[in-house]
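To start, the structure itself, in structure tokens.
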Amino acid sequence: MRSTGFRRRTSTALLTSALVLVAATATACGPDGGDGAADGRTRITVNCMPPRSAEVDRSFFEADVKEFERRNPDIDVVPHDAFPCQDPKTFDAKLAGGQMEDVFYTYFTDARHVVDVGQAADITPYVKELKSYGTLQRQLRDIYTVDGKVYGVPRTGYSMGLIYNRALFEKAGLDPDEPPATWEEVRAAAKGIAALGDGTVGYADYSAQNQGGWHFTAELYSQGGDVVSADGKKATIDTPEGRAVLENLRAMRWTDDSMGSKQLLVINDVQQMMGSGRLGMYLAAPDNIPILVKEKGGNYKDLALAPMPGGKGTLIGGDGYMFSKKASPEQIRAGLKWLDHMFLTPGDGFLGDYARARKNDAPVGLPEPRLFTGAADTADQKAKKADANVPVENYRAFLDGNQDLEMKIEPPRAQQIYSVLDGVVSAVLTQEDADVDRLLKDASGKIDGILARG
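Mapping of the sequence shown onto the numbering used here: residues 226 to 679, in sequence order.
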């Protein structure tokens, strides 16, 4: 799941209404049928085309599709625009109704679900035709591998870190070139930044719309803990590591008063605070940085990125593409060629043409996504460095520190679990006398119930 994207949430009522909508409109709104275009070419439908409102990104996408069709005159690509690329209001309904595009976008957290409901094509016999496949990070490839069979291809990946404001660090007498490496150091830095006054907040965290549960998970990983057991059957949050996460938040919120009085924050609230220069630190992935500059008023020179505090682990996420179970072998082969062209060629394509991005004032030089390995990664990083237009030195600590962290994906049934954990985090940040032990015990029982339902 992309860290800045529309986070997926579903409910029984929402899913039911969406199913009715899809059933009623399948003929009018479903993907183009058949695998052959009128002129005999192989036709594939694909999604996640940027919307018309994103003029530059859409023009890039259209140009890349046109170039792909020029190089592959036997393939006809029919793109569908969408934002968000995976809409929580319709995703499960489209799956159930067999209405997904031939090549469709998924968050990492949904790959197993798509396979479990029988809506993904097994592309194992064809994946060897994907030129880039062997160059992709195995950990990311494995997300789309179930019981030894390949069902999809990763497109991007991210890992969480600590975004901080160098200007506020300097103003508070802190060294911006030595960011906090432990949660104790985060607490001390937050206290110093909050002491600047004028509404300045040292550290902020999410605690609503499932985002609090998402960050609790990241913070638990950083302490060396897990949300669920290795077999996926039991909650593992009622532990010393889980208590450490909540006690640290409690201390910053109520003892130090370094998190401000306004709580129940979500990503947009925190981004607004950071962009306006009123916030010292928060957890995020690198893709937050251009949003802070282009949409929230921030400045690249003031924004830096450090690895996840704690030194044990960090949460990773991302997205990729899967293939409809209705796709023919010809469509699967065409789709794999399209993925190679659009997203998986170092220094080229929709995500990798850094020279084009720089010409259009898009940020180049952020430390992620880091998708490739070996020579492909070297080539990609070289191309990125040549066209960098952001202060790459501000992200050095993040790149160096990530080498020592365990990279851990989100838990199974992530959004349902996050909903439970939201209540735990929000209670600690809004109730000074919140009973941490009781909160963890109750949440564990609820998570056990979620896991038992499968």
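Beta carbons are placed, not taken as given, at the ideal position from N, Cα and C, and that holds for glycine. Predicted model, so just to flag it, every value in this text is computed and none were measured.
Three-way DSSP call (helix, strand, coil) for residue i in this model
i, result
"Asn585", "coil"
"Ile642", "helix"
"Leu665", "helix"
"Met506", "strand"
"Val342", "coil"
"Pro298", "coil"
"Val649", "helix"
"Ser549", "strand"
"Val615", "coil"
"Val426", "strand"
"Thr539", "strand"
"Ala251", "Note on Ala251: pLDDT 37, under 50, position unreliable in the model; no value is reported."
"Asn390", "strand"
"Thr570", "coil"
"Ala601", "helix"
"Pro304", "strand"
"Lys671", "helix"
"Ala460", "strand"
"Val371", "strand"
Neighbourhood of residue i by C-beta, 7 angstroms cutoff - its chain only, sequence neighbours within 5 removed
i, result
"Ser278", "none"
"Lys526", "Pro616"
"Thr570", "Ser357, Gly577"
"Gly424", "Arg503"
"Gly449", "Glu466, Lys537, Gly538"
"Trp408", "Asn473, Pro534, Gly535"
"Val290", "Val302, Pro304"
Unbroken beta strand (DSSP E) run spanning residue i, endpoints
i, result
"Pro532", "528–532"
"Ser384", "377–384"
"Lys633", "631–634"
"Pro592", "Run containing Pro592: none; DSSP gives neither H nor E here."
"Ile516", "No beta strand (DSSP E) contains Ile516, which is instead part of the alpha helix (DSSP H) from 513–519."
"Asn272", "267–274"
"Tyr332", "328–332"
Nearest-angstrom Cα separation, counted from residue j out to residue i
i, j, result
"Ile348", "Tyr546", "11 angstroms"
"Asp400", "Ser549", "51 angstroms"
"Ala336", "Ile368", "7 angstroms"
"Glu395", "Arg663", "40 angstroms"
"Asp658", "Glu635", "30 angstroms"
"Gly560", "Val340", "18 angstroms"
"Ile269", "Arg581", "26 angstroms"
"Gly648", "Lys551", "41 angstroms"
"Gly438", "Cys273", "27 angstroms"
"Asp282", "Gly417", "41 angstroms"
"Glu292", "Ser284", "12 angstroms"
"Gln362", "Phe568", "14 angstroms"
"Gly427", "Met484", "6 angstroms"
"Ala600", "Asn513", "28 angstroms"
"Tyr579", "Asp573", "7 angstroms"
"Asp299", "Asp327", "17 angstroms"
"Asp264", "Trp563", "19 angstroms"
"Val470", "Val453", "16 angstroms"
"Ile271", "Leu421", "Here the sequence assigns Val to residue 271, which means Ile is not the residue at that position. Spanning the two alpha carbons is a distance of roughly 51 angstroms."
Sequence-distant residues of its chain with Cβ nearer than 8 angstroms to residue i (five each side left out)
i, result
"Leu539", "Inspection of the sequence shows that residue 539 is occupied by Thr rather than by Leu. Excluding sequence neighbours, Thr539 sits near Ser384, Met385, Gly386, Ala443, Tyr446, Ser447, Pro532, Met533, Asn627, Leu630, Glu631, Met632, Lys633."
"Arg638", "Ile675, Leu676"
"Ala476", "Arg412"
"Tyr376", "Ala336, Val339, Val340, Ala345, Ala346, Asp347, Ile348, Tyr369, Thr370, Met547, Phe548"
Any non-hydrogen atom of the ligand MG closer than 6 angstroms to residue i Cβ
i, result
"Ala419", "With respect to the ligand MG, the structure shown offers nothing to examine, as it has no ligands at all."
Environment of residue i [buried if 16+ CB atoms lie within 10 Å]
i, result
"Gly679", "exposed"
"Thr360", "buried"
"Lys609", "buried"
"Pro350", "exposed"
"Arg380", "buried"
"Gln640", "buried"
"Gln556", "buried"
"Thr480", "exposed"
"Thr655", "exposed"
"Pro276", "exposed"
"Pro405", "buried"
Neighbourhood of residue i by C-beta, 6 angstroms cutoff - its chain only, sequence neighbours within 5 removed
i, result
"Ala253", "At Ala253, the pLDDT of 35 sits below 50, so the modelled position is not reliable and the matter cannot be decided from this model."
"Pro592", "Pro511, Tyr620, Phe623, Leu624"
"Arg681", "Since the first and last residues shown for the chain are 226 and 679, residue 681 lies out of range."
"Lys607", "none"
"Asp430", "His440"
"Lys671", "Val645"
"Phe231", "Because the pLDDT of Phe231 is 32, which lies under 50, any placement of that residue in the model is unreliable, and the number read from its coordinates should be weighed accordingly. For Phe231, where only same-chain residues beyond five positions count, the Cβ hits under 6 angstroms are Pro309."
"Lys666", "Asp463"
N-terminal and C-terminal residue of the alpha helix (DSSP H) that residue i is part of
i, result
"Met499", "492–500"
"Lys416", "408–419"
"Ala321", "316–321"
"Glu472", "465–475"
"Arg366", "363–366"
"Gly626", "621–627"
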